[in-house]
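Here is the structure we will look at.
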Amino acid sequence: PGMFRRSSIMVINKIDLLGTSDFDMAQVKANALSINANLKIFELSCRTGEGLDAWLDWLKQLVGEKRGE
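Going by our numbering, the sequence shown opens with residue 54, and the numbers climb by one from there.
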């Protein structure tokens, strides 16, 4: 998928549901990184808040860079 080649991040949401399906996080990450080794991957759960701080910090940094801060 071309979107992974052009992307700088990948956000994987609903990690609170891991273990309730056969979703293989390691395989998904490996596949994405095989297409774009520089991809930054954020694992988060909007329900529990897990991982949100890291993603929001990244967003704040990006906005600051765009504003020249």
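We put the CB at the ideal spot given by N, CA and C, even for glycine.
Sorting G102, V64, M56 by C-alpha distance to the C-alpha of F95 places V64 at the top.
Taking 4 residues as the minimum length, the alpha helix (DSSP H) runs contained wholly in the region 78 to 119 are 78 to 88, in order along the chain. For G55, the enclosing alpha helix (DSSP H) starts and ends at 55 to 59. Contact check for L70 against M78 fails: the beta carbons are separated by 8 Å or more.
Shortest Cα-Cα distance from R100 to any of W108, L112, N66 involves N66.
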